[in-house]
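>
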Amino acid sequence: IPKPFSAYGMHQIQDYGSVLLKNATVWTNESDGVLTEADVFIKNGKISDVGQKLKVKADKVIDASGKHITAGIIDEHSHIALLSVNDIAVNSSMVRMEDSLDSDNINIYRNLAGGVTDAQLLHGSANPIGGQ
821 IPKPFSAYGM HQIQDYGSVL LKNATVWTNE SDGVLTEADV FIKNGKISDV
871 GQKLKVKADK VIDASGKHIT AGIIDEHSHI ALLSVNDIAV NSSMVRMEDS
921 LDSDNINIYR NLAGGVTDAQ LLHGSANPIG GQ
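Per the working numbering, residue 821 is the first one in the sequence shown, and the count goes up by one each step.
1) Is the region 884–900 touching the region 929–942, taking contact as three or more C-beta pairs under 8 angstroms?
2) On a CA-only basis, which of H899, A878, S913, Q872 is nearest L843? Give me that one, please.
3) With DSSP collapsed to three states, give me the class of D938.
4) For I882, which residues does DSSP report across the bridge?
5) Taking the alpha carbon of E918 as the reference point, which residue from N927, Y929, Q940 has its own alpha carbon closest?
6) Based on the DSSP output, what are the partners of L921 in its beta bridges?
7) How would you label S885, buried or exposed, when you count the other beta carbons within 10 angstroms and need 16 or more for buried?
8) Do you know whose CA, among R930, D883, D924, lies nearest P839's CA?
9) Since L855 is in the beta strand (DSSP E), which residue starts that stretch and which ends it?
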């Protein structure tokens with residue numbers, strides 16, 4: 821069964837090995853602030869280490885000079901992948917967003933590709949009394 825279960829899915833999760841991004845500007849969103857000329861080591865699909873001049877063996881090394889690395893983007897107001905959010909009625913208080921979510925919608929994956937990792941899905945603006 822493809823993951824995710826749709827035409828956009830894969831039958832097997834790809835093994836990316838390890839990747840070292842070198843010389844990037846890293847926005848930590850922590851007390852370290854912004855790190856310049858920093859390295860990010862990714863192993864098994866997860867960030868394993870962040871620092872300067874990391875000495876690690878990586879399957880792939882990418883020069884990220886002039887590039888910025890940030891945490892995932894949070895979209896606080898989104899309607900992606902929602903079906904008929906404005907079409908049901910003026911009062912749609914009985915409709916939960918999870919009931920109108922199309923989890924196979926390609927826009928979810930387009931957002932992921934653009935760095936959006938979380939989204940607050942909201943009812944449409946055309947109905948004054950929206951659902952949950």
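For glycine and all other residues, C-beta sits at the position ideal for the given N, C-alpha and C.
Taking the structure as given:
1) yes
2) Contrary to the premise, residue 843 reads as Asn rather than Leu in this sequence. When each option's Cα is compared against that of N843, the closest is Q872.
3) strand
4) L841
5) Q940
6) L902
7) exposed
8) The identity of residue 839 in the sequence shown is Val, whereas the question assumes Pro. Checking every option, the nearest Cα to that of V839 belongs to D883.
9) 854–863
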